[in-house]
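Before any comments, here is the structure.
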Amino acid sequence: MSSPLLVLFNGALRLSDNAALTSAVVTGQPVIPLFVHDEVSDGVRSLGAASKWWLLQSLRSLTTALGDHGSRLVIRQGNTVDVVEHLAAETEAGGVYLCRGYTPGARGIEAALHDRLADTDIDVRRFGGHLLLEPETVRTKTGSPYGVFSPFWRTASDMIDTAEPLTVPGAIAAPNAWPDSDPVEELGLEPKPACWAEPIAASWTPGEAAAMDRLEEFLETRVQDYKTGRDFPALETTSGLSPHLAFGEISPRTIWWHTKQYIGRNPAQSKNAHHFLRELGWREFSCHLLFNQPHMQTEPMREQFKQFPWAAGAGDKLTAWQKGQTGFPIVDAGMRQLWQTGWMHNRVRMIVASFLVKDLLWHWHDGEAWFWDTLVDADFGNNIASWQWVAGCGADAAPYFRIFNPITQGEKFDPDGDYVRTFVPELADMPAKYIHNPSEAPAGVLEMAGVTLGKTYPEPLVDRKVAREKALAALASIKKQDA
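What the sequence shown shows, in this note's numbering, is residues 1163 to 1645, in sequence order.
And the structure:
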């Protein structure tokens, strides 16, 4: 029998539209699917708790799917390059196939793997699949990367071809002998305490099959209201595909192709569907930004913000924000939704982020780190780019003086208070007129609703008018330094 090929599944926990897997299968050689749980390599960021829970379920799902095709998933732990090199020697592999990564850590691993195996007979091959377009291919007329979304997307959307995604391979040839695999239970992915993940498990089903079901259901029932409804957190109009994308359980090309097919069948829904694809474009843009400017994982993209006077001292306000105890209902609802479900509505993400970095003047690093730990869809590029955008220090940034008012945002996008009532039950009996600003409610209204400010629900953490003035003064201070 010919030498087996190792197919690294990191970043692509799926069988369909997996160019690395398909290319290995069509050779006719035996295929050894491999996943390396790597939290020790340089540049690799350890997964947050919510992501670990998702990964555990996803690996179980992938193991089952491979079994249905006569194959297995080999799981190893440690430095990816070392693990691959040792396994290749152990199995006398003739090649290593993988889907390309774009984060600084993934790029470092791929470069090191290529260098380590360069003087061997092992063929290392990389394939796309995480993005719609390779970052090197989308350039301005002067040859530089785009720093603003709209022109980026005009160029990129015209470049994306309409090729149908790769189908799931048939039978996957197995090696004569399977190498040992670490039990998935030994990866340390189980939440502690276990009950922490129970509400998240009630909200999500990880895995490739669930991702396809979610896409089909979204296109059948919810995309029709997407353009207008996506900003209202009490409505179920978003796709919920973000965690599946983050773990590579579904490819962006699969989403693109199926949505384009939907548009062809339903031209009257073109605006809604294209608006949905535009959100896929934001994910693409964020990954391209990080690829072209890897320093943005720690440094602001706008140089002047290195001198920004972020708040210092005890983290009581940060803790109140994390726990959803700020006294601003839409903020608290969002932070509690995050803790309970591992996810937060995108409109609310912008509101809570703005509150942290502008109303509290707290460094975006802390907000980004909290989201990384608690989001099931934590995506390195998306998370960093989005936080920098809200903070005003990133590419295509919202002007710093654009400070989301959590009260008016709540009144506009949760007009009946249904979202707040769901996640802040102590305000469930507040009338809609005051539910987003209970501190302004008359005493009789609070009494009727069973709300005692400072006891059953917090007083506002800040005076918003004062907070806004402080934020604008902080911006003015770095403008003077920049002058």
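For each residue, glycine too, the CB sits at the ideal point set by N, CA and C.
Contact annotation: alanine 1430 and valine 1385 have beta-carbon atoms that are not nearer than 7 Å. Residue pairing by DSSP places arginine 1287 opposite Tyr1259 in a beta bridge. Between the beta-carbon of aspartate 1539 and that of alanine 1359 there is about 15 Å, and that puts the pair past the 8 Å contact cut. Only buried fits asparagine 1180, as 16 or more other CB atoms lie within 10 angstroms of its CB.
Note that the stretch 1477-1493 touches the stretch 1524-1537; at least 3 beta-carbon pairs, one per stretch, sit closer than 8 Å. For leucine 1608, the enclosing alpha helix (DSSP H) begins and ends at 1605-1611. For a cut-off of 8 Å, the C-beta gap from phenylalanine 1197 to leucine 1221 is around 6 Å, short enough to register as a contact. Taking the Cα of leucine 1349 as reference, the smallest distance to any Cα among Leu1217, Gly1332 and Ala1318 is reached at Leu1217.
Non-local C-beta neighbours of glutamine 1502 in its own chain, meaning closer than 6 Å and more than five positions away in sequence, comprise Pro1361, ordered along the chain. The way I'd put it, the stretch 1488-1497 does touch the stretch 1566-1582; three or more beta-carbon pairs between them come closer than 8 Å.
Going by beta carbons, arginine 1287 and tyrosine 1264 fall outside the 7 Å limit. Between phenylalanine 1438 and cysteine 1555, the gap from beta carbon to beta carbon reaches 7 Å or more.
Taking one beta carbon from each stretch, the stretch 1393-1401 and the stretch 1197-1210 have fewer than 3 pairs nearer than 8 Å; the two do not touch. Comparing alpha-carbon positions, the option among Leu1615, Glu1378 and Gly1402 lying closest to tryptophan 1419 turns out to be Glu1378.
In the DSSP assignment, glutamine 1219 falls within the unbroken alpha helix (DSSP H) covering 1211-1230.
Its chain contains Asp1494, Met1497 and Arg1498 as the residues whose beta carbon lies nearer than 6 Å to that of glycine 1486, once the 5 sequence neighbours on both sides are disregarded; these appear in chain order. Contact annotation: proline 1414 and leucine 1294 have beta-carbon atoms nearer than 7 Å. Going by DSSP, isoleucine 1492 is part of no beta strand (DSSP E) but of the alpha helix (DSSP H) stretching over 1491-1503.
Between leucine 1522 and the set Gly1257, Val1187, Pro1341 and Ala1633, the nearest pair of CA atoms involves Ala1633.
Between the alpha carbons of glycine 1305 and serine 1448 lies a distance of about 19 Å. By DSSP's assignment, arginine 1511 forms no beta bridge with any residue.
Under a 10 Å Cβ-count criterion, threonine 1460 is classified as exposed, with fewer than 16 other Cβ atoms of the shown protein chains found around its own Cβ. Taken in chain order, the complete alpha helix (DSSP H) segments of 4 residues or longer contained in the stretch 1349-1413 are 1360-1365, 1370-1383, 1388-1391 and 1404-1408. Cβ neighbours of glutamate 1588 within its own chain (closer than 6 Å, five residues either side excluded): Thr1618 and Tyr1619. Annotation: the continuous beta strand (DSSP E) that includes proline 1195 extends over 1193-1199. Straight across, the Cα-Cα distance linking serine 1165 with glutamate 1254 is about 6 Å. Counting every other CB atom within 10 Å of its CB across the protein chains shown gives methionine 1506 a total of 16 or more, marking it as buried. With respect to the 7 Å criterion, methionine 1592 and alanine 1611 are classified as neighbours on the basis of their beta carbons.
Per DSSP, the beta-bridge partners of isoleucine 1237 are Phe1197. Cβ-Cβ distances below 8 Å link valine 1586 to Gly1486, Pro1491, Asp1494, Ala1495, Arg1498 and Tyr1619 in the same chain, with the five nearest sequence neighbours on each side left out; the list follows chain order. Closest in C-alpha terms to threonine 1367, from the list Met1463, Cys1357 and Gly1402, comes Gly1402. A Cβ-Cβ contact shorter than 7 Å links lysine 1214 with leucine 1351. For tryptophan 1472, the closest of Trp1524, Tyr1596 and Gln1191 by C-alpha to C-alpha distance is Trp1524.
Per DSSP, valine 1628 has no beta bridge partner at all. The beta carbon of threonine 1421 is closer than 7 Å to those of Leu1381, Ala1435, Phe1438 and Leu1439 in its chain, skipping five residues each way along the sequence. In this structure, the straight-line span from the alpha carbon of leucine 1279 to that of alanine 1273 is close to 10 Å.
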